[in-house]
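In what follows, a structure is listed as structure tokens, so that the remarks can point back to it.
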Amino acid sequence: MVLDTLQRFGRSGLEFFGRVGRAQLFLFQALAGFPGLVLQLRELLRQMYSVGVLSLAIIAISGLTVGMVLGLQMYNTLVDFGTEESLGPVVALSLVRELGPVLTALLFSGRAGSALTAEIGLMKATDQLSVMEMMAVDPLKRVVAPRFMAGFLSMPLLAAIFSAVGILGSYFVGVGLLGVDAGAFWSQMQDKVDLYDDVYNGLLKSVAFGFVATWIAVFEGYDAVPTTEGVSRATTRTVVHTAFAVLGLDFVLTALMFN
Amino acid sequence: MSDKNNESERGAEAEDILVRMRGVRFAFGERSIIDGMDIDIPRGKITTIMGPSGTGKTTLLRLIGGQWRPSAGSVEVDGVDVHRVGRAGLYRLRKRMGMLFQSGALFTHLNVFDNVAFPLREHTALSESMIRHLVLMKLEAVGLRGARGLMPAELSGGMSRRVALARAIALDPMMIMYDEPFTGQDPITVGVIMQLIRLLNDSLGLTSVIVSHDVQEVSAISDRLYMISGGKVIEHGTPQMLSQSQSRWVQQFLKGQPDGPVPFDFPAPDYAEDLMGAV
Chain A
0 MVLDTLQRFG
10 RSGLEFFGRV
20 GRAQLFLFQA
30 LAGFPGLVLQ
40 LRELLRQMYS
50 VGVLSLAIIA
60 ISGLTVGMVL
70 GLQMYNTLVD
80 FGTEESLGPV
90 VALSLVRELG
100 PVLTALLFSG
110 RAGSALTAEI
120 GLMKATDQLS
130 VMEMMAVDPL
140 KRVVAPRFMA
150 GFLSMPLLAA
160 IFSAVGILGS
170 YFVGVGLLGV
180 DAGAFWSQMQ
190 DKVDLYDDVY
200 NGLLKSVAFG
210 FVATWIAVFE
220 GYDAVPTTEG
230 VSRATTRTVV
240 HTAFAVLGLD
250 FVLTALMFN
Chain G
0 MSDKNNESER
10 GAEAEDILVR
20 MRGVRFAFGE
30 RSIIDGMDID
40 IPRGKITTIM
50 GPSGTGKTTL
60 LRLIGGQWRP
70 SAGSVEVDGV
80 DVHRVGRAGL
90 YRLRKRMGML
100 FQSGALFTHL
110 NVFDNVAFPL
120 REHTALSESM
130 IRHLVLMKLE
140 AVGLRGARGL
150 MPAELSGGMS
160 RRVALARAIA
170 LDPMMIMYDE
180 PFTGQDPITV
190 GVIMQLIRLL
200 NDSLGLTSVI
210 VSHDVQEVSA
220 ISDRLYMISG
230 GKVIEHGTPQ
240 MLSQSQSRWV
250 QQFLKGQPDG
260 PVPFDFPAPD
270 YAEDLMGAV
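Here you go:
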């Protein structure tokens with residue numbers, strides 16, 4: 000009984016480290032395909048459209064909703080202390096430093112990451128990757144690299160849009176509906192939000208999250224068991240693993256950036 | 000039969016062999032799939048590898064194409080050891096091979112024209128007008144020039160395989176491998192694909208390797224047959240030689256008999272004991 004448990008532990012451990020090793024090897028091979036993307040600009044743009052532009056609606060709507068809710072909640076708290084003019088910087092700092100990058104990464108994983116995994120996994124299951132190999136075309140360079148780059152480039156842009164739309168949402172609620180002074184809203188935001196400490200660090204977070212979320216998505220697709228169930232499991236793993244990775248990484252980055 | 004075999008082996012030595020497999024072994028984990036196979040594929044001929052399902056026929060194609068690596072033995076294609084040559088060498092070799100997968104494996108985001116143009120765009124610096132001419136010629140060869148604008152989802156199974164065939168010959172390879180080309184096709188499509196394989200092989204000077212268990216169809220177009228089972232070559236020779244073979248195994252397979260040396264059932268414990276055993 001104890002031996003069985005130990006064996007199961009050992010097997011799980013070996014599987015886990017095997018996957019980690021494969022994921023790292025996969026990353027190096029995919030990164031090696033990046034220089035060749037200059038010859039695949041059309042494909043890169045097509046993937047940026049699929050991964051980035053088609054995610055705009057969900058990102059914008061979510062950003063607007065989060066900004067409106069944040070505006071409402073913060074106003075209710077700040078008004079008790081008579082500091083409702085600070086609504087602008089409070090909302091902006093929350094969005095730019097934390098909520099923008101983190102929520103965008105989670106939404107990106109659900110919308111674009113799962114689609115990337117399913118697409119690559121299905122290409123594998125229907126022998127499209129094998130046939131490419133047999134045509135002497137490296138699927139890592141032709142299929143994975145443009146998708147990886149597209150996700151990596153799209154994520155920071157989507158996070159910036161999320162934060163910008165969120166700020167507009169809180170402006171609409173705070174200034175438009177609850178009567179906060181518009182001048183105070185914008186001027187305090189301009190005064191309190193630092194370009195380097197807040198905006199650049201937020202941007203850096205979204206770059207890191209974009210890299211990790213896309214890496215997980217394309218790896219899970221490429222490593223999927225080539226069956227219906229295998230692709231389904233890989234898609235689920237993409238969303239779950241990205242959530243864990245983004246939240247864990249967020250804590251580490253926050254600790255490093257903001258002490 | 001042994002004299003005949005020796006004779007055919009001597010004949011094979013004199014032939015120009017394109018693919019030479021020696022002592023090839025391959026296993027999935029603990030399960031042995033190929034257990035020491037020697038196969039010679041002569042240049043310019045149609046060679047078919049036949050055998051029951053699950054005997055490693057498709058595995059053989061993947062070993063020839065260098066997608067999988069054998070645990071022992073060697074696979075040479077046109078004098079190049081597929082599993083010892085580097086990645087660049089393997090890719091150079093693959094540009095001279097075509098492979099038709101069982102499903103067709105067309106790129107679902109590209110239409111018929113772009114599927115056939117794909118290898119030309121990847122590996123040549125030809126102008127778009129030249130690529131257009133070549134693609135239309137290849138599509139004409141498989142009778143689908145009129146379907147150039149269709150997407151893979153709009154094609155029937157037979158049409159998909161013909162488009163895949165046009166794509167496989169796009170770079171004028173020296174060899175094409177066909178994985179179960181007739182499976183699941185209606186009789187007319189089977190006839191068309193049979194004619195195409197023979198026609199393309201002879202007119203383009205190709206070497207064709209077919210993996211199939213459709214006895215009648217492949218016997219009609221093949222120059223040489225290999226019969227495999229249990230990871231080994233059971234018999235090989237011309238279709239006539241095999242049809243006259245006294246081997247019970249060959250006769251059972253060719254005639255589709257349920258009883259004989261080829262096991263139909265997967266290994267299992269005693270039936271009565273299994274039924275009476277605890278749940």
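Chains as they are written, first to last, in numbering that gives the first Met the number 0: chain A, 0 to 258; chain G, 0 to 278.
Think of the CB as a built atom: it goes at the ideal place given N, C-alpha and C, for glycine as much as any other residue.
{"Asked": "Interface flag, A:Thr-125 vs chain G, CB-CB below 9 angstroms", "Found": "yes"}
{"Asked": "Test: A:Val-230 CB closer than 9 angstroms to a CB of chain G", "Found": "no"}
{"Asked": "Stretch pair the region 206-215 of chain A + the region 244-256 of chain A: three plus CB contacts closer than 8 angstroms", "Found": "yes"}
{"Asked": "Whole-angstrom C-beta distance between A:Leu-92 and A:Lys-191, which should lie under 8 angstroms", "Found": "7 angstroms"}
{"Asked": "Test: G:Tyr-90 CB closer than 9 angstroms to a CB of chain A", "Found": "yes"}
{"Asked": "Distance CB(G:Thr-46)-CB(G:Tyr-225) smaller than 9 angstroms", "Found": "yes"}
{"Asked": "Interface flag, A:Val-130 vs chain G, CB-CB below 9 angstroms", "Found": "yes"}
{"Asked": "Beta carbon of G:Gly-64 nearer than 9 angstroms to that of G:Val-84", "Found": "no"}
{"Asked": "Bridge partners - G:Met-49, DSSP secondary structure assignment", "Found": "G:Ser-211 and G:Met-226"}
{"Asked": "CA-to-CA distance, A:Leu-105 to A:Val-172, given in whole angstroms", "Found": "25 angstroms"}
{"Asked": "C-alpha gap between G:Asp-178 and G:Ile-40, whole angstroms", "Found": "16 angstroms"}
{"Asked": "Coil, strand or helix - A:Val-143 by DSSP", "Found": "helix"}
{"Asked": "Endpoints, the alpha helix (DSSP H) within which A:Leu-203 is located", "Found": "200-221"}
{"Asked": "Selection from A:Ile-58, A:Thr-116, A:Leu-55 and A:Leu-53 that minimises the alpha carbon distance to A:Val-239", "Found": "A:Thr-116"}
{"Asked": "Uninterrupted alpha helix (DSSP H) stretches inside the region 88-129 of chain A (no shorter than 4 residues)", "Found": "99-107 and 113-124"}
{"Asked": "Simplified DSSP assignment, three categories, for G:Ile-33", "Found": "strand"}
{"Asked": "Cβ of G:Leu-133 within 9 angstroms of any chain A Cβ", "Found": "no"}
{"Asked": "Euclidean distance between Cα positions of G:Gly-142 and G:Ala-169", "Found": "15 angstroms"}
{"Asked": "Residue-chain proximity (A:Ala-254, chain G), Cβ-Cβ < 9 angstroms", "Found": "no"}
{"Asked": "Within chain A, partners of G:Pro-118 - CB distance below 7 angstroms", "Found": "Met-134"}
{"Asked": "Coarse secondary structure for G:Gly-22, derived from DSSP in three states", "Found": "strand"}
{"Asked": "Secondary structure of A:Pro-225, DSSP reduced to three states", "Found": "coil"}
{"Asked": "Buried versus exposed, by CB contacts within 10 Å (16 or more), A:Val-90", "Found": "buried"}
{"Asked": "Contact with chain A by G:Met-98, beta-carbon distance below 9 angstroms", "Found": "yes"}
{"Asked": "Chain G contact for A:Gly-141 (CB, 9 angstroms cutoff)", "Found": "For the sequence presented, residue 141 of chain A should be read as Arg rather than Gly. It does; some Cβ of chain G falls within 9 angstroms."}
{"Asked": "Interface residues of the region 52-83 of chain G facing chain A [CB-CB below 7 angstroms]", "Found": "Gly-64 and Gln-66"}
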